[in-house]
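One line per chain: the protein sequences are A and B, in this order. In this text, residue positions in the first sequence follow the working numbering: the first is 1, and each later residue adds one. In this text, residue positions in the second sequence follow the working numbering: the first is 332, and each later residue adds one. Quick reminder that beta carbons are idealized off the backbone N, C-alpha and C, glycines included. What follows is a short report on a single structure.
There are 2 protein chains.
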Amino acid sequence: MPELRHNLITREWVIIATDRAKRPSDFRNSIDRKAAPSHVDSCPFCPGNESKTPEEFHRVTIDGMWKMRVVANKYPAVDREGTPERSINGTRRFVAGVGLHDVIIESPLHNTTLALMEPEDLVIALGLYKERFIEAYNDPRVEHVIIFKNHGLGAGTTIDHPHAQLIAIPIVPVQHRDRVTTAMQYFDDTGVCLMCDTLKTEINDKSRIVIETEHFLTFIPYAALSPFHTWIFPKRHCASFSGITDEEQADLAFHLKSILSKFYYGLEDPDYNLVIRSSRPKDIGNEFTHWYMSLMPKLSKTAGFELGSGMYINQSLPEENAAFLRDAHSN
Amino acid sequence: MPELRHNLITREWVIIATDRAKRPSDFRNSIDRKAAPSHVDSCPFCPGNESKTPEEFHRVTIDGMWKMRVVANKYPAVDREGTPERSINGTRRFVAGVGLHDVIIESPLHNTTLALMEPEDLVIALGLYKERFIEAYNDPRVEHVIIFKNHGLGAGTTIDHPHAQLIAIPIVPVQHRDRVTTAMQYFDDTGVCLMCDTLKTEINDKSRIVIETEHFLTFIPYAALSPFHTWIFPKRHCASFSGITDEEQADLAFHLKSILSKFYYGLEDPDYNLVIRSSRPKDIGNEFTHWYMSLMPKLSKTAGFELGSGMYINQSLPEENAAFLRDAHSN
Chain A
1 MPELRHNLIT REWVIIATDR AKRPSDFRNS IDRKAAPSHV DSCPFCPGNE SKTPEEFHRV
61 TIDGMWKMRV VANKYPAVDR EGTPERSING TRRFVAGVGL HDVIIESPLH NTTLALMEPE
121 DLVIALGLYK ERFIEAYNDP RVEHVIIFKN HGLGAGTTID HPHAQLIAIP IVPVQHRDRV
181 TTAMQYFDDT GVCLMCDTLK TEINDKSRIV IETEHFLTFI PYAALSPFHT WIFPKRHCAS
241 FSGITDEEQA DLAFHLKSIL SKFYYGLEDP DYNLVIRSSR PKDIGNEFTH WYMSLMPKLS
301 KTAGFELGSG MYINQSLPEE NAAFLRDAHS N
Chain B
332 MPELRHNLIT REWVIIATDR AKRPSDFRNS IDRKAAPSHV DSCPFCPGNE SKTPEEFHRV
392 TIDGMWKMRV VANKYPAVDR EGTPERSING TRRFVAGVGL HDVIIESPLH NTTLALMEPE
452 DLVIALGLYK ERFIEAYNDP RVEHVIIFKN HGLGAGTTID HPHAQLIAIP IVPVQHRDRV
512 TTAMQYFDDT GVCLMCDTLK TEINDKSRIV IETEHFLTFI PYAALSPFHT WIFPKRHCAS
572 FSGITDEEQA DLAFHLKSIL SKFYYGLEDP DYNLVIRSSR PKDIGNEFTH WYMSLMPKLS
632 KTAGFELGSG MYINQSLPEE NAAFLRDAHS N
């Protein structure tokens with residue numbers, strides 16, 4: 001019998017279609033990253049092509065060579081210049097598309113990926129995410145910032161070279177507002193943070209946990225939208241990613257490296273999206289929202305049902321996914 | 332300068348990234364449907380394989396041969412038997428996955444598609460959609476029904492043979508509730524239906540119209556989520572698809588055949604999803620919701636930004652898409 005599970009945090013309903021459940025091994029991908037060269041002359045993110053990227057905001061240099069760079073996106077979704085003018089004309093409403101669109105180049109090597117990098121490199125990358133996140137919110141035109149990563153063609157990347165992106169926009173996405181409202185209502189109803197309560201439930205239940213340390217819990221959500229959909233929650237209540245401490249940053253790097261290498265070895269380097277869900281720094285003190293990281297391997301397609309209902313059909317069991325990932329090799 | 336456009340009906344914000352806009356011809360696909368055979372021995376939907384499909388609910392027969400069939404899905408997302416038991420356990424909530432999952436086989440020919448079928452065939456198909464839609468809501472376990480179609484691999488189909496699907500579920504999707512609430516607030520604020528108001532705006536503006544007849548308007552939404560995202564609105568206010576009249580059904584068949592053949596010839600048979608968005612029959616009298624059909628060609632990928640924000644980046648201009656489709660061949 002399939003189950004409809006409700007995700008209290010996102011309000012999404014998911015059909016866990018157990019009757020046609022696939023085994024984790026059915027989701028394995030077959031792209032061979034190791035066959036790619038470590039340097040590609042035509043890649044704008046490879047060393048030697050620094051002039052092909054626009055304005056550089058940060059550079060991490062080790063032994064005279066750059067290790068990571070933060071640059072403006074050459075083909076931005078929003079313009080860095082201009083003011084967010086609004087126009088309201090009956091049912092047509094728009095805001096000028098101004099904001100920031102950065103690229104965080106995570107390695108000089110074309111063919112590496114977070115899963116294969118050293119843990120200390122991930123600490124540096126997370127530090128750059130945090131720094132740009134805070135800086136972006138200092139721009140008075142910015143209302144919301146999304147940090148994300150598209151790994152692989154199926155996840156929407158156009159450049160293989162390892163990189164993350166930051167988009168800062170002059171409006172608050174409805175999805176964010178809705179989730180904040182949901183969390184606020186839960187807090188008002190129960191007196192506790194919905195994500196803190198979810199952490200407690202998952203730690204007691206154990207069946208969906210993949211990795212647990214002092215500061216973070218990596219687990220498969222009870223109503224995971226798709227196979228191996230994974231959440232990394234900080235255990236300490238904090239509304240904004242801007243509040244991550246150095247100790248937490250090192251622990252998060254461990255979780256991220258571990259889960260991504262479990263994906264890499266266990267699922268054979270699947271395409272995936274990574275996003276950081278967070279309130280803005282100035283809302284860091286609120287009791288009802290809680291930042292976290294979400295990873296979504298692209299192992300299934302959404303179709304007309306998902307489009308027409310906003311619901312998802314997950315053909316795998318979250319508890320089985322978690323057991324598989326607990327056992328998967330990580331390095 | 333990119334524009335952020337707000338879709339009042341769905342509440343979604345879309346970045347129309349004009350600076351990197353593609354021309355309509357950049358979206359053309361290259362799948363050759365005509366090269367496929369008209370009969371495939373192993374296809375469960377081809378004539379001669381009727382025993383490979385489960386229970387049959389409807390059959391349209393012409394000259395002793397079936398033309399269309401409605402059957403149970405062999406691999407249903409929800410179970411046809413059982414009761415929708417609910418369980419609430421802290422942050423974990425679920426409902427047993429019971430409901431209906433039908434397949435509407437639209438032709439005995441394996442290699443045809445709505446775009447190539449006769450207009451009267453589309454009238455019959457729409458009649459079956461309507462009949463099953465009403466029947467599904469007669470099941471007391473059913474709270475919501477979604478009729479949809481996945482055309483092509485990229486749109487999530489697993490069987491090429493032309494067919495639509497109906498999924499009836501024991502809960503109301505949050506997306507539907509949210510949109511009803513939005514429409515209700517608009518009605519309470521303005522005294523008119525949001526969709527009726529949108530129709531008026533689009534008819535006055537003209538720039539996004541593709542096809543207009545007495546009963547329907549086919550247009551590109553002002554804040555289209557993706558290239559060639561198309562809406563077909565009935566001009567007469569009606570909350571539920573169950574209320575479509577015979578005359579409207581014939582006119583809708585004309586719109587659907589025309590727009591799909593414009594996709595077929597103008598965009599070279601792109602993969603697409605089709606969904607009918609509707610309130611249930613018993614809510615047909617409400618003044619604030621208005622059923623419609625949505626078509627979403629799969630010409631772009633969603634990635635981390637969309638996942639992390641619930642927003643979309645559309646790299647094409649709705650007004651250019653509409654002009655292109657107005658001029659595209661339809662047969």
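Span of the alpha helix (DSSP H) around residue i
| i | result |
| --- | --- |
| Thr198 (chain A) | Leu194 to Asp205 |
| Ser647 (chain B) | First-last for Ser647 (chain B): undefined, no H or E at that position. |
| His690 (chain B) | Any property of residue 690 (chain B) remains undetermined from this structure, which presents chain B solely from 332 to 662. |
| Phe254 (chain A) | Asp246 to Gly266 |
| Glu637 (chain B) | Gly635 to Ser640 |
Beta bridge counterpart(s) of residue i as assigned by DSSP
| i | result |
| --- | --- |
| Arg608 (chain B) | B:Tyr623 |
| Ala341 (chain A) | No answer is possible for residue 341 (chain A): the residues shown for chain A start at 1 and end at 331. |
| Tyr272 (chain A) | A:His151 and A:Pro297 |
| His475 (chain B) | B:Ile500 |
| Glu543 (chain B) | B:Leu548 |
| Asp79 (chain A) | A:Val98 |
| Ile159 (chain A) | According to DSSP, Ile159 (chain A) bridges with nothing at all. |
| Ile347 (chain B) | B:Glu334 and B:Asn645 |
Residue environment, residue i, which counts as buried when at least 16 other CB atoms sit within 10 Å
| i | result |
| --- | --- |
| Glu343 (chain B) | buried |
| Lys206 (chain A) | exposed |
| Met68 (chain A) | buried |
| Asp394 (chain B) | exposed |
| Met624 (chain B) | buried |
| Asn7 (chain A) | buried |
| Thr341 (chain B) | buried |
| Lys282 (chain A) | exposed |
| Glu306 (chain A) | buried |
| Leu335 (chain B) | buried |
| Pro221 (chain A) | buried |
| Thr218 (chain A) | buried |
| Asn150 (chain A) | buried |
| Arg417 (chain B) | exposed |
| Pro333 (chain B) | buried |
| Ile146 (chain A) | buried |
| Glu533 (chain B) | buried |
| Gly304 (chain A) | buried |
| Ala366 (chain B) | exposed |
Extent of the continuous beta strand (DSSP E) run through residue i
| i | result |
| --- | --- |
| Arg132 (chain A) | Segment Pro119 to Tyr137 is the alpha helix (DSSP H) holding Arg132 (chain A); no beta strand (DSSP E) there. |
| His58 (chain A) | Glu56 to Ile62 |
| Phe550 (chain B) | Phe547 to Phe550 |
| Phe376 (chain B) | Looking at the DSSP string, Phe376 (chain B) is not in any beta strand (DSSP E), and its letter there is neither H nor E. |
| Leu335 (chain B) | Glu334 to His337 |
| Glu12 (chain A) | Segment: none, Glu12 (chain A) is in no beta strand (DSSP E) and carries neither H nor E. |
| Arg423 (chain B) | Arg423 to Ala427 |
| Thr443 (chain B) | Element bounds for Thr443 (chain B): n/a, residue is neither H nor E. |
| Arg69 (chain A) | Met65 to Ala72 |
| Asn89 (chain A) | Arg86 to Asn89 |
| Phe233 (chain A) | Thr230 to Pro234 |
Beta-carbon proximity list for residue i, same chain, < 8 angstroms, skipping 5 on both sides
| i | result |
| --- | --- |
| Val180 (chain A) | Ser279, Phe288 and Thr289 |
| Lys383 (chain B) | Pro375 and Lys405 |
| Ser592 (chain B) | Ala446, Leu447, His660, Ser661 and Asn662 |
| Thr61 (chain A) | Lys67 |
Cutoff 7 angstroms; reference residue i; Cβ partners in own chain excluding five residues on either side
| i | result |
| --- | --- |
| Asp251 (chain A) | Thr213, Glu214, His215 and Phe216 |
| Leu457 (chain B) | Gln580, Leu583 and Ala584 |
| His494 (chain B) | Phe376, Val434, Ile435, Ile436 and Glu437 |
| Lys130 (chain A) | Phe241, Ser242 and Ile244 |
Cβ neighbours of residue i in the same chain (closer than 6 angstroms, five flanking residues each side left out)
| i | result |
| --- | --- |
| Ala155 (chain A) | Asp271, Tyr272, Asn273 and Lys298 |
| Leu440 (chain B) | Ser369 |
| Gly483 (chain B) | Asp602 |
| Leu55 (chain A) | Note that residue 55 (chain A) is Glu in the sequence shown, not Leu. For Glu55 (chain A), where only same-chain residues beyond five positions count, the Cβ hits under 6 angstroms are Ala72. |
| His161 (chain A) | Cys43, Phe45 and His110 |
| His255 (chain A) | Ile211, Phe216, Thr218 and Ile232 |
Proximity test, residue i beta-carbon vs the ligand NAP heavy atom, cut-off 7 angstroms
| i | result |
| --- | --- |
| Ala403 (chain B) | This structure simply doesn't include the ligand NAP, nor any ligand for that matter. |
Check your understanding: Would you call the segment 324-331 of chain A and the segment 261-271 of chain A in contact, with 3 or more CB pairs under 8 angstroms?
Key -> yes
Review point. Okay, do the segment 225-232 of chain A and the segment 308-324 of chain A touch, 3+ Cβ pairs below 8 angstroms being the bar?
Key: yes
Review point. Is the segment 135-148 of chain A close to the segment 99-108 of chain A, with three or more CB pairs under 8 angstroms?
Key: yes
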